[in-house]
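Respectively, the protein sequence lines represent chains R and W. Just so we're aligned, residue 28 is where the first sequence starts under the working numbering, counting upward by one. Just so we're aligned, residue 28 is where the second sequence starts under the working numbering, counting upward by one. Worksheet: one structure, shown below.
Protein chains: 2
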Amino acid sequence: MRKLVFAIIIFSFIAMAKEPVDASLIAEKFVRTALREQKAYQWLRELTSIGGRLAGSENSAKAVRWAKEKMEQLGFDRVYLQPVEVPRWERGNVEKAVIISPENLKGRELSIAALGGSVGTPEEGITAEVIEVKNFEEFKEKAPQVRGKIVFFNVPMDQGEINTFKAYGEAVRYRWAGAMEGAKAGAKAVIIRSITTRYDNVPHTGMMGYDTKIRKIPAVSIGLKDADFLSNALKKYPHLKITLKLNCRQLPPSRSYNVIGEIRGSQHPEEVIVVGGHLDSWDKGEGAHDDGAGVVQSIEAVELFKRIGIRPERTLRVVLFMNEEYGLSGAKAYGEYVSRASEKHIAAIESDRGGFTPRGFTVKAEDPVFKEIKSWLPVLQKCRIDWIRKGGGGADISRIKAKALIGYFPDDQRYFDFHHSANDVFEAVNPRELELGSAAIATLLYLISCQGL
Amino acid sequence: MRKLVFAIIIFSFIAMAKEPVDASLIAEKFVRTALREQKAYQWLRELTSIGGRLAGSENSAKAVRWAKEKMEQLGFDRVYLQPVEVPRWERGNVEKAVIISPENLKGRELSIAALGGSVGTPEEGITAEVIEVKNFEEFKEKAPQVRGKIVFFNVPMDQGEINTFKAYGEAVRYRWAGAMEGAKAGAKAVIIRSITTRYDNVPHTGMMGYDTKIRKIPAVSIGLKDADFLSNALKKYPHLKITLKLNCRQLPPSRSYNVIGEIRGSQHPEEVIVVGGHLDSWDKGEGAHDDGAGVVQSIEAVELFKRIGIRPERTLRVVLFMNEEYGLSGAKAYGEYVSRASEKHIAAIESDRGGFTPRGFTVKAEDPVFKEIKSWLPVLQKCRIDWIRKGGGGADISRIKAKALIGYFPDDQRYFDFHHSANDVFEAVNPRELELGSAAIATLLYLISCQGL
Numbered sequence: 028m029r030k031l032v033f034a035i036i037i038f039s040f041i042a043m044a045k046e047p048v049d050a051s052l053i054a055e056k057f058v059r060t061a062l063r064e065q066k067a068y069q070w071l072r073e074l075t076s077i078g079g080r081l082a083g084s085e086n087s088a089k090a091v092r093w094a095k096e097k098m099e100q101l102g103f104d105r106v107y108l109q110p111v112e113v114p115r116w117e118r119g120n121v122e123k124a125v126i127i128s129p130e131n132l133k134g135r136e137l138s139i140a141a142l143g144g145s146v147g148t149p150e151e152g153i154t155a156e157v158i159e160v161k162n163f164e165e166f167k168e169k170a171p172q173v174r175g176k177i178v179f180f181n182v183p184m185d186q187g188e189i190n191t192f193k194a195y196g197e198a199v200r201y202r203w204a205g206a207m208e209g210a211k212a213g214a215k216a217v218i219i220r221s222i223t224t225r226y227d228n229v230p231h232t233g234m235m236g237y238d239t240k241i242r243k244i245p246a247v248s249i250g251l252k253d254a255d256f257l258s259n260a261l262k263k264y265p266h267l268k269i270t271l272k273l274n275c276r277q278l279p280p281s282r283s284y285n286v287i288g289e290i291r292g293s294q295h296p297e298e299v300i301v302v303g304g305h306l307d308s309w310d311k312g313e314g315a316h317d318d319g320a321g322v323v324q325s326i327e328a329v330e331l332f333k334r335i336g337i338r339p340e341r342t343l344r345v346v347l348f349m350n351e352e353y354g355l356s357g358a359k360a361y362g363e364y365v366s367r368a369s370e371k372h373i374a375a376i377e378s379d380r381g382g383f384t385p386r387g388f389t390v391k392a393e394d395p396v397f398k399e400i401k402s403w404l405p406v407l408q409k410c411r412i413d414w415i416r417k418g419g420g421g422a423d424i425s426r427i428k429a430k431a432l433i434g435y436f437p438d439d440q441r442y443f444d445f446h447h448s449a450n451d452v453f454e455a456v457n458p459r460e461l462e463l464g465s466a467a468i469a470t471l472l473y474l475i476s477c478q479g480l
Numbered sequence: 028m029r030k031l032v033f034a035i036i037i038f039s040f041i042a043m044a045k046e047p048v049d050a051s052l053i054a055e056k057f058v059r060t061a062l063r064e065q066k067a068y069q070w071l072r073e074l075t076s077i078g079g080r081l082a083g084s085e086n087s088a089k090a091v092r093w094a095k096e097k098m099e100q101l102g103f104d105r106v107y108l109q110p111v112e113v114p115r116w117e118r119g120n121v122e123k124a125v126i127i128s129p130e131n132l133k134g135r136e137l138s139i140a141a142l143g144g145s146v147g148t149p150e151e152g153i154t155a156e157v158i159e160v161k162n163f164e165e166f167k168e169k170a171p172q173v174r175g176k177i178v179f180f181n182v183p184m185d186q187g188e189i190n191t192f193k194a195y196g197e198a199v200r201y202r203w204a205g206a207m208e209g210a211k212a213g214a215k216a217v218i219i220r221s222i223t224t225r226y227d228n229v230p231h232t233g234m235m236g237y238d239t240k241i242r243k244i245p246a247v248s249i250g251l252k253d254a255d256f257l258s259n260a261l262k263k264y265p266h267l268k269i270t271l272k273l274n275c276r277q278l279p280p281s282r283s284y285n286v287i288g289e290i291r292g293s294q295h296p297e298e299v300i301v302v303g304g305h306l307d308s309w310d311k312g313e314g315a316h317d318d319g320a321g322v323v324q325s326i327e328a329v330e331l332f333k334r335i336g337i338r339p340e341r342t343l344r345v346v347l348f349m350n351e352e353y354g355l356s357g358a359k360a361y362g363e364y365v366s367r368a369s370e371k372h373i374a375a376i377e378s379d380r381g382g383f384t385p386r387g388f389t390v391k392a393e394d395p396v397f398k399e400i401k402s403w404l405p406v407l408q409k410c411r412i413d414w415i416r417k418g419g420g421g422a423d424i425s426r427i428k429a430k431a432l433i434g435y436f437p438d439d440q441r442y443f444d445f446h447h448s449a450n451d452v453f454e455a456v457n458p459r460e461l462e463l464g465s466a467a468i469a470t471l472l473y474l475i476s477c478q479g480l
């Protein structure tokens with residue numbers, strides 16, 4: 028009996044030990060291959076050369092074609108488009124804020140960018156005094172003085188917060204609600220201090236909100252140097268006036284697509300593991316970190332299986348979502364598809380936090396599934412994944428019903444230097460950091476694909 | 028009796044629990060203060076504005092003055108200089124490699140840099156055919172053909188290796204031994220492919236070796252693009268000839284200094300914890316990551332105690348070592364001092380892996396001390412330290428006898444993009460990444476200073 032128990036223990040140990048050892052070798056192979064060949068980096072160069080890819084724009088259509096052709100060329104088993112109706116907003120070619128008084132500052136331009144969704148101004152612009160507030164509390168106090176003015180929400184992102192996404196989440200309330208609050212108090216327009224960790228003069232855009240019951244007023248962001256310049260000027264000239272001109276506008280919704288490519292599983296083809304990022308981007312910059320990185324990592328994470336000659340046991344599906352930035356259209360469309368699909372989605376992984384060096388994965392799952400995934404940490408450490416924690420998977424996969432929704436979490440210290448701005452270009456991405464992300468995601472796909480959930 | 032045991036357990040638990048909780052709050056305060064005020068980043072701007080700081084150069088003397096004055100201004104209890112004799116090498120103002128045949132490539136310059144310690148060429152230069160080898164094995168095979176030629180060691184750093192320091196360590200053998208091996212076989216000079224992770228045309232310098240028994244021949248590094256250009260050209264023109272001109276030279280040794288500043292411990296002033304980096308740098312670039320970052324982080328890690336109003340229980344000593352790059356002179360001098368000092372060095376921390384986002388600490392210590400330090404991980408995680416592992420502390424602290432030698436280990440993926448080259452400038456450093464290093468080191472100093480080792 029003892030011998031049998033011993034034999035069982037030994038056997039179990041070997042059985043248990045087998046997978047991680049193999050998986051570690053696979054992880055190392057993914058890492059070496061990705062770092063040496065830098066395919067995702069080359070694809071990112073191609074994708075970003077299209078330029079900004081606002082949903083519904085000509086560039087976004089080019090990106091759809093690029094992604095479809097790329098996965099076809101790479102020999103994915105199936106590549107197809109899922110139609111998505113997207114709202115369309117266009118920046119236009121007039122975007123200007125100029126000081127018109129006092130006399131000695133007259134003509135001084137401010138570095139601004141319309142927020143995504145903003146209405147334009149009349150052709151002659153909006154001319155008004157600027158009133159600065161440091162937060163919503165101060166805004167409420169000053170509400171009686173706001174009427175007829177342009178409200179300057181000069182609310183800095185908290186640079187002392189180590190978690191940049193948390194600091195972003197706190198500051199973004201002003202970008203989202205500034206125009207609504209301003210309009211309620213009778214303001215003519217709002218200026219929002221850019222939400223960024225980099226001290227330069229580049230304005231950072233992003234989505235804003237309107238309340239259908241309140242008048243819509245234009246909203247722009249301002250670069251940090253000019254935000255400080257304006258704040259100082261207002262101390263000296265409290266009646267400082269500017270003219271703001273924008274011809275951005277909402278267009279009728281148009282048809283676009285999620286781009287989907289997959290490699291079928293050899294053992295359980297009906298079990299699907301999704302990996303994705305979003306193909307659209309803001310129009311400033313090239314959408315390199317946000318989310319060109321996630322797009323090319325998703326493609327490469329699956330393609331790496333072909334490159335090193337492994338067929339996954341379960342189906343790996345790349346979903347490149349259209350319009351994360353301006354309403355999550357693609358996420359909703361794919362989520363609806365999942366709810367009526369006969370196939371079983373077991374997990375979804377999202378990469379939408381930039382192409383920086385790997386740190387961890389956040390997992391939304393029931394405890395036993397979370398523990399299973401966490402037990403793979405020693406393998407994932409081969410790709411510089413230091414931790415696996417509970418947390419959200421990401422906006423684009425949030426509508427997918429699956430046992431685990433997983434977010435890839437690269438280092439977050441530099442992300443908001445680039446986010447939603449002209450800084451977010453190909454050159455801002457380091458090839459090794461980007462490629463380690465591909466390898467980390469590929470390794471996680473491999474583990475889920477072998478072991479199920 | 029049971030009650031007593033219970034009481035002891037509870038009391039021990041409170042006593043044990045007390046420190047980590049306090050320490051976590053301190054860690055968070057260090058992080059917030061460092062990220063918000065970015066003092067190390069400002070100091071780095073000052074230090075790097077001096078330029079490259081090769082030991083014994085005028086710039087290195089400026090850096091010594093800057094560091095001494097900085098710590099005096101910051102109100103350290105004691106700031107002083109430790110004299111160090113440093114060997115001196117000077118790049119000179121002639122550094123040129125030009126193709127002279129074949130005719131159609133005549134006049135094409137190659138992007139090169141003398142390796143540190145290289146002898147110069149005669150004034151008219153060295154003109155010879157170039158012979159390429161891919162490794163020492165191929166060099167041995169080709170040794171009979173080498174006489175009278177310039178050997179081109181075209182050995183790429185292994186881009187597939189995830190640990191960039193390991194890949195560097197493998198490639199650096201050619202930089203170190205290339206000229207010795209070449210000279211033995213009768214070569215006139217050697218060209219070494221730059222050791223870098225970035226594909227550009229910037230040559231990366233660094234120390235090389237000579238054997239006093241063998242003739243000294245000049246050695247240069249070449250940028251990656253020109254390395255590939257030269258390699259391709261040699262396939263077509265195996266008799267390709269270049270002229271190499273260098274007027275670099277060895278000068279008599281000169282006097283320089285380690286710069287030392289300390290805050291005395293309130294409880295155990297005779298117990299010293301050293302933290303340091305090296306003040307010298309290579310002359311190309313500004314020595315921003317290597318090792319301006321370590322210098323300003325060391326100063327800030329100690330100064331943060333003053334800024335948040337804590338007096339350490341043990342003495343914290345910043346040691347800014349002179350001449351890490353060209354012979355470890357300062358490390359040797361300080362190590363000798365320690366061996367005869369009456370004070371007790373309990374630990375030393377080195378930061379000399381660039382100003383990138385924190386990942387971990389490597390610790391050289393006996394097991395119980397290592398375990399003690401490792402038990403502090405939950406506190407250090409507040410500063411984005413993900414791991415504490417056994418490993419070396421670093422070259423500059425390697426001569427210090429202490430219970431623990433600790434290396435700060437930031438992310439290593441971008442370090443060799445900049446290392447020893449004109450790319451290593453202030454702009455290559457991200458302020459948040461740099462500052463988190465200061466906070467992580469300050470937190471470790473706090474823990475050692477409170478708890479001893």
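No residue lacks a Cβ here, since even glycine has one placed at the ideal position from N, Cα and C.
- Beta-bridge partners assigned by DSSP to Ser476(W): none are found.
- Interface flag for Thr470(W) against chain R is unset, since no Cβ pair is found closer than 9 Å.
- Assignment of Met235(R) by DSSP, reduced to helix, strand and coil, places it in the coil class.
- Among the bridge pairs identified by DSSP, His447(R) is matched with none.
- Taken atom to atom, the span from the alpha-carbon of Gly382(R) to that of Gln324(R) is near 8 Å.
- Measuring C-alpha to C-alpha distances from Gly420(R) to each of Ser448(R), Lys391(R), Ser402(R) identifies Lys391(R) as the nearest.
- His266(R) sits exposed, since fewer than 16 C-beta atoms from the chains shown fall within 10 Å of its C-beta.
- By the neighbour-count criterion, in which a residue is buried when 16 or more other Cβ atoms sit within 10 angstroms of its Cβ, Tyr361(R) is buried.
- No residue range can be given for Ser84(R), since it is assigned to no alpha helix (DSSP H) and is classified by DSSP as neither H nor E.
- For the set Arg426(W), Glu165(W), Val302(W), the Cα lying nearest the Cα of Ala358(W) is the one of Arg426(W).
- Per DSSP, reduced to three states, the secondary structure at Pro171(W) is helical.
- For Val217(R), there are no neighbours in chain W by C-beta distance under 7 Å, as the nearest C-beta there is about 26 Å away.
- One thing to note: Phe348(W) has its Cβ within 9 Å of the Cβ of Asp307(W).
- The segment 332-340 of chain W and the segment 70-90 of chain W do not touch, with fewer than three beta-carbon pairs separated by less than 8 Å.
- Taking a contact to require three or more Cβ pairs closer than 8 Å, the segment 295-304 of chain W and the segment 163-181 of chain W do not qualify as touching.
- Not a single CB atom of chain W sits nearer than 9 Å to the CB of Ile337(R).
- About 11 Å separates the beta carbons of Val160(W) and Leu261(W), which is beyond the 8 Å limit, so they are not a contact pair.
- Interface annotation, Gln100(R): not in contact with chain W, CB-CB separation never under 9 Å.
- Excluding sequence positions up to five before and after Lys243(W), its CB lies within less than 6 Å of the CB of Val146, Tyr237, all in the same chain and listed in chain order.
- When C-alpha distances from Val456(W) are compared across Gly464(R), Asp444(R), Leu463(R), Leu461(R), the shortest belongs to Asp444(R).
- Around Lys56(W), the same chain offers Ile335 as residues with beta carbons nearer than 7 Å, after the five sequence neighbours per side are excluded.
- Separation of Ala212(W) and Pro149(W) (C-alpha to C-alpha, rounded to the nearest whole angstrom) is 20 Å.
- Between Thr470(W) and Ala50(W), the gap from beta carbon to beta carbon is short of 9 Å.
- DSSP, reduced to helix, strand and coil, places Tyr107(R) within a strand of the structure shown.
- Taking a contact as a CB-CB distance under 8 Å, the pair Leu142(W) and Met235(W) counts as one, their CB atoms being some 4 Å apart.
- Between Pro110(R) and Ser369(R), the C-beta spacing is not below 9 Å.
- For Ser356(W), the number of other beta carbons within 10 angstroms of its own is at least 16, and it is reported as buried.
- Of the residues assessed, Leu278(R) falls on the exposed side of the cut-off, its CB having fewer than 16 other CB atoms within 10 angstroms.
- Glu289(R) counts as buried, since no fewer than 16 other beta carbons sit within 10 angstroms of its beta carbon.
- By the Cβ-count criterion, Ser366(W) is exposed, with fewer than 16 other Cβ atoms from all chains shown falling within 10 Å of its own Cβ.
- For a Cβ distance threshold of 8 Å, residue set Val58, Arg59, Thr60, Leu62, Arg63 of chain W lies close to Gly187(R), ordered along the chain.
- For Arg441(R), the residues of chain W that pass the 9 Å Cβ criterion are Thr384, Asn457, Arg459, Glu460, in the order they occur in the chain.
- Not a single CB atom of chain R sits nearer than 9 Å to the CB of Leu251(W).
- Membership of Leu71(R) in the alpha helix (DSSP H) is indicated by the continuous run 66-76.
- With fewer than 16 other CB atoms across the displayed protein chains lying within 10 angstroms of its CB, Tyr107(W) is exposed.
- For the pair Ala315(W) and Lys268(W), the Cα-to-Cα distance works out to about 36 Å.
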